[in-house]
Amino acid sequence: MTRKQKRLTMIAGAGAVLAVAAALVLFALRDQIVFFYSPTEIAEKTLSPGTRVRLGGLVEDGSVRREDDGSVRFAVTDTAKTVTVEFHGILPDLFREGQGVIAEGTLSADGSVAADSVLAKHDERYMPKEVVDTLKAQGVWQETEGKATQ
Amino acid sequence: MSGAIGTLSVAELGHYALVLALALMLVQSSVPLIGIRWRDERLIAVSGTTPIVGFGFVAIAFAALVAAHVTSDFSVLNVFENSNSAQPLLFKITGVWGNHEGSMLLWVLILSFFGALVAGFGSNLPSALRARALAVQGWIGSAFLIFILLTSNPFARLDPAPLQGRDLNPILQDIGLAIHPPLLYLGYVGFSIAFSFAVAALLEGRTDAAWARWVRPWTLVAWMFLTAGIAMGSYWAYYELGWGGWWFWDPVENASFMPWLAGTALLHSAVVMEKRGALKVWTVLLAILTFSLSLLGTFLVRSGVLTSVHAFATDPTRGVFILAILMLFIGGALALFAIRAPEMKQGGLFAPISREGALVFNNLFLVAAVSTVFVGTLYPLALEALAGDKISVGAPFFHLTFVPLMIPLLLALPFGPLLGWKRGDLLGAAQRLGAAMAAAILAAVATAVATGAKGALAPFGLALGVWILVGSLVDLAERVALFRAPARITLSRLVGLPRSALGTVVAHFGMGVCVLGIVTASAFSTEEIVAMKPGDTVDVGAYTLLFQGNAPATGPNYREERALFVVSRGGKQEFSLAPAKRFYTARQSSTTEAAIKTIGFSQIYLSLGDRMENGAQAVRASYKPLVTLIWLGALVMAFGGALSLSDRRLRVGAPRRAALRKAAEAGA
Numbered sequence: 426m427t428r429k430q431k432r433l434t435m436i437a438g439a440g441a442v443l444a445v446a447a448a449l450v451l452f453a454l455r456d457q458i459v460f461f462y463s464p465t466e467i468a469e470k471t472l473s474p475g476t477r478v479r480l481g482g483l484v485e486d487g488s489v490r491r492e493d494d495g496s497v498r499f500a501v502t503d504t505a506k507t508v509t510v511e512f513h514g515i516l517p518d519l520f521r522e523g524q525g526v527i528a529e530g531t532l533s534a535d536g537s538v539a540a541d542s543v544l545a546k547h548d549e550r551y552m553p554k555e556v557v558d559t560l561k562a563q564g565v566w567q568e569t570e571g572k573a574t575q
Numbered sequence: 005m006s007g008a009i010g011t012l013s014v015a016e017l018g019h020y021a022l023v024l025a026l027a028l029m030l031v032q033s034s035v036p037l038i039g040i041r042w043r044d045e046r047l048i049a050v051s052g053t054t055p056i057v058g059f060g061f062v063a064i065a066f067a068a069l070v071a072a073h074v075t076s077d078f079s080v081l082n083v084f085e086n087s088n089s090a091q092p093l094l095f096k097i098t099g100v101w102g103n104h105e106g107s108m109l110l111w112v113l114i115l116s117f118f119g120a121l122v123a124g125f126g127s128n129l130p131s132a133l134r135a136r137a138l139a140v141q142g143w144i145g146s147a148f149l150i151f152i153l154l155t156s157n158p159f160a161r162l163d164p165a166p167l168q169g170r171d172l173n174p175i176l177q178d179i180g181l182a183i184h185p186p187l188l189y190l191g192y193v194g195f196s197i198a199f200s201f202a203v204a205a206l207l208e209g210r211t212d213a214a215w216a217r218w219v220r221p222w223t224l225v226a227w228m229f230l231t232a233g234i235a236m237g238s239y240w241a242y243y244e245l246g247w248g249g250w251w252f253w254d255p256v257e258n259a260s261f262m263p264w265l266a267g268t269a270l271l272h273s274a275v276v277m278e279k280r281g282a283l284k285v286w287t288v289l290l291a292i293l294t295f296s297l298s299l300l301g302t303f304l305v306r307s308g309v310l311t312s313v314h315a316f317a318t319d320p321t322r323g324v325f326i327l328a329i330l331m332l333f334i335g336g337a338l339a340l341f342a343i344r345a346p347e348m349k350q351g352g353l354f355a356p357i358s359r360e361g362a363l364v365f366n367n368l369f370l371v372a373a374v375s376t377v378f379v380g381t382l383y384p385l386a387l388e389a390l391a392g393d394k395i396s397v398g399a400p401f402f403h404l405t406f407v408p409l410m411i412p413l414l415l416a417l418p419f420g421p422l423l424g425w426k427r428g429d430l431l432g433a434a435q436r437l438g439a440a441m442a443a444a445i446l447a448a449v450a451t452a453v454a455t456g457a458k459g460a461l462a463p464f465g466l467a468l469g470v471w472i473l474v475g476s477l478v479d480l481a482e483r484v485a486l487f488r489a490p491a492r493i494t495l496s497r498l499v500g501l502p503r504s505a506l507g508t509v510v511a512h513f514g515m516g517v518c519v520l521g522i523v524t525a526s527a528f529s530t531e532e533i534v535a536m537k538p539g540d541t542v543d544v545g546a547y548t549l550l551f552q553g554n555a556p557a558t559g560p561n562y563r564e565e566r567a568l569f570v571v572s573r574g575g576k577q578e579f580s581l582a583p584a585k586r587f588y589t590a591r592q593s594s595t596t597e598a599a600i601k602t603i604g605f606s607q608i609y610l611s612l613g614d615r616m617e618n619g620a621q622a623v624r625a626s627y628k629p630l631v632t633l634i635w636l637g638a639l640v641m642a643f644g645g646a647l648s649l650s651d652r653r654l655r656v657g658a659p660r661r662a663a664l665r666k667a668a669e670a671g672a
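These protein sequences, in sequence, are chains V and P. 426 is the number of the first residue of the first sequence in the working numbering; add one for each residue after it. 5 is the number of the first residue of the second sequence in the working numbering; add one for each residue after it.
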């Protein structure tokens, strides 16, 4: 092979690998991403049962119920609408009533969410960004909540 | 306040040292370049000393912040917000970088440390190249020092000084904080040297094999630390978060993983450039990309665009400032590359089936893999900024994109070292890898039989791990002519084996160990999440865990409630475990302390959930076979890097000797 042919072979090979990578990315982006919804958006949009969702809002006061088998049910609210979440597992350390939370899982036929992961804040000073935006949209966000008092 | 006079000087001394360090960085970034233009050796020689003195001043500033934290000087805002007088000394010290301002200071400390090393040990470099590289290093350092002084001053004061601090985030009160960030930064920031050398080469308009020889040890150092740092971070998350997961494809993890992948590619392409003079332009580009990804990681983690335990800052001006630094350096370097790269001479021909070809294959797949991680990490941010849609890209995305791209790379890995330079013998390499192939097939069949042929993924993954493991041993056996030559010759070859060749064998072996750990821990872990009352038992793996009850305890700045478990196997009592829930009073927040028992390379992992109304305790119990191999494999890889580096050090004077010989030949 001449120098030029070799270079062309190499470029073609590189192009092929990058094309495969791009195809994988596009395929995965179509099927494997999960959209974030607030309780209001879940109520408004008619999502089919079985859709994977990320639900964010505040854990409603007095809604947390723990079953004997280790599962837990709680309601997530953005103060306008409320969605029930069912979760079998161990809740994060900073999970508390009245605090921000993100639950990821599949939407059930009855409109509740069967969560396989629940995220709370990592630190008492911070709240998941999506939850802050949701609360801002509902007009109940107070700026002081997210910031450290200085 | 008379008592404040002594402490007043410490914080102000630190602030002042930081400003002086900036002044020196600015000198380092400009004076030697003027010297090169005016051909004034004295001005060029400035770059031999300023980085060392500059490092000294940053070190003084850092020491001042440590002193403020150790003495619990709450008149310093940073200490007040992130420390508490009841904290153990270790966490008072590590708390220095457990916050935004302090961690940026650590970043600059390490950057100036590497600059000082180049200045101190780079006496064999051409003075102009060293001056240019250190000037680039000075630009980066100046930008970040200005960032610290203007937006993130760790020495800001509070008046009046509070009596007690707010305590360090409880999740960070762990030995992991003493190890993970410094290691990770040594890696991240270490790649700045390769970047500075790449920009210096572009400024000079030429690179050669000697350039690769100088850059490779620095890349190797950074890569080693980054490998160990990522492994440590993974293990820390594994035991501290209480989920028992070791990799979450979290954007912050990806931020450190992308420079690692690119740095791994850079290590391999620099070999080709050093040994064969080929891939020059590509290696320079990779050096720029690797550090650009480090800068991107710093931006993602430090700007507050992501919600994570690492995101201390929510101040938007900081994000904009880091973004500006990011665009300046990445944009500037890539623009310079676009202008200068076409002028660089390409060199070194090779056939597709050759050592060079194998290393190109490695680079191609690693870069494709980096691209998928890049898209998965940044697409949600871009989509939210452009369309307002909030999405999350999680593990399933990466399993579909990153993993398929890794498989051809790992399959091809054992072939690389067995192929010759310029033109390799693929069939010969395949024959020599017969033992590895047989071992891999055996592993696959054994796994399939043992698990009742429940799917092909686990047998395939295990075979892949064994293939790499045995493949790297075949490489070693070939090099020392095991069984082909008398034992005496084999032994003498083993002793005389270049450390870099041994390093390759060890690093590849570590990769195989890591793959084995990942596959077994992912495929064969068992987990039980149950509510238990005293006297209840739960089975994980071959072990039975008996819950005895809860017991309270207190620590220096927390209260905890332990749950006592007795573990038995086959009816025989073996050991006890005591996971706990801790409550930190200063911050009113709690953490989960998992109890972990390592048995061989496997682990029992036990963590607690909440107490139920009826008094039962939620428990997560799992048995994770060979899980420790994941981190041990990474450490073995880093050790391979160290072995290879020890070889480099022996040859530090090599380029100079070659130059002398050339000069002598020219003279004759």
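No residue lacks a Cβ here, since even glycine has one placed at the ideal position from N, Cα and C.
Simplified DSSP state of residue i, which is helix, strand or coil
i, result
"Glu597 of chain P", "strand"
"Ala226 of chain P", "helix"
"Asp17 of chain P", "Sequence check: residue 17 of chain P is Leu here, not Asp. Helix at Leu17 of chain P."
"Thr502 of chain V", "strand"
"Met29 of chain P", "helix"
"Lys279 of chain P", "helix"
"Ala160 of chain P", "coil"
"Pro463 of chain P", "helix"
"Phe458 of chain V", "Here residue 458 of chain V is Ile; the residue named in the question, Phe, does not match the sequence. Of the three classes helix, strand and coil, the one that applies to Ile458 of chain V here is strand, per DSSP."
"Gly500 of chain P", "helix"
"Gly99 of chain P", "coil"
"Met515 of chain P", "helix"
"Ile325 of chain P", "For clarity, residue 325 of chain P is Phe in the given sequence; the question names Ile instead. The answer is helix: DSSP assigns Phe325 of chain P an H, G or I state."
Rounded C-alpha distance that separates residue i from residue j
i, j, result
"Tyr562 of chain P", "Thr589 of chain P", "6 Å"
"Leu121 of chain P", "Thr223 of chain P", "13 Å"
"Leu245 of chain P", "Val324 of chain P", "31 Å"
"Pro412 of chain P", "Ser648 of chain P", "25 Å"
"Lys284 of chain P", "Arg492 of chain P", "41 Å"
"Thr455 of chain P", "Leu446 of chain P", "14 Å"
"Pro221 of chain P", "Ala646 of chain P", "10 Å"
"Ala147 of chain P", "Ala446 of chain V", "35 Å"
"Val677 of chain P", "Leu409 of chain P", "Only positions 5 to 672 of chain P appear in the structure, and residue 677 of chain P is not among them; the question remains open."
"Pro659 of chain P", "Pro502 of chain P", "Confidence at Pro659 of chain P is low in this model, with a pLDDT of 49, below 50, so the placement of that residue should be treated as unreliable; the coordinate-derived value is given next. When rounded, the distance between both Cα atoms is 18 Å."
"Ile608 of chain P", "Thr602 of chain P", "7 Å"
"Ala535 of chain P", "Thr502 of chain V", "27 Å"
"Arg566 of chain P", "Tyr627 of chain P", "20 Å"
"Leu153 of chain P", "Ala439 of chain P", "60 Å"
"Ala67 of chain P", "Leu110 of chain P", "11 Å"
"Arg306 of chain P", "Asn157 of chain P", "14 Å"
"Leu265 of chain P", "Val374 of chain P", "6 Å"
"Gly248 of chain P", "Tyr242 of chain P", "5 Å"
Identified DSSP bridge partners for residue i
i, result
"Leu581 of chain P", "P:Phe569"
"Ser606 of chain P", "P:Ile603"
"Ser496 of chain V", "V:His513"
"Ser611 of chain P", "P:Arg624"
"Val544 of chain P", "P:Tyr547"
"Val484 of chain V", "V:Val501"
N- and C-terminal bounds of the alpha helix (DSSP H) containing residue i
i, result
"Thr155 of chain P", "Ser131 to Thr155"
"Met108 of chain P", "His104 to Phe125"
"Thr530 of chain P", "It is not in any alpha helix (DSSP H) - Thr530 of chain P instead sits in the beta strand (DSSP E) that spans Thr530 to Met536."
Chain C residues whose Cβ lies nearer than 8 Å to that of residue i
i, result
"Phe369 of chain P", "Checking the listed chains, one finds no chain C in this structure; the protein chains it contains are V and P."
Limits of the beta strand (DSSP E) - the one that residue i falls within
i, result
"Thr531 of chain V", "Gly525 to Leu532"
Is there contact between the segment 395-404 of chain P and the segment 447-462 of chain P, where contact requires at least three CB pairs shorter than 8 Å?
-> Of all C-beta pairs linking the segment 395-404 of chain P to the segment 447-462 of chain P, fewer than three are shorter than 8 Å, placing the two stretches out of contact.
Taking one C-beta from the segment 42-55 of chain P and one from the segment 120-139 of chain P each time, how about it: are there three or more such pairs within less than 8 Å?
-> Because the criterion of three Cβ pairs below 8 Å is met, the segment 42-55 of chain P and the segment 120-139 of chain P touch.
Per the contact definition of three or more C-beta pairs closer than 8 Å, is the segment 72-86 of chain P in contact with the segment 24-34 of chain P?
-> They do not touch, by the three-pair rule.
Take every Cβ of the segment 472-492 of chain V, pair it with every Cβ of the segment 420-434 of chain P, and state whether three or more of those distances are shorter than 8 Å.
-> Taking 8 Å as the limit for Cβ pairs, the verdict is that the segment 420-434 of chain P does not touch the segment 472-492 of chain V.
Given 8 Å as the limit, is there contact between the segment 172-190 of chain P and the segment 90-105 of chain P, that is, 3 or more CB pairs closer than that?
-> Yes, since at least three Cβ pairs between the segment 172-190 of chain P and the segment 90-105 of chain P fall closer than 8 Å, the two stretches touch.
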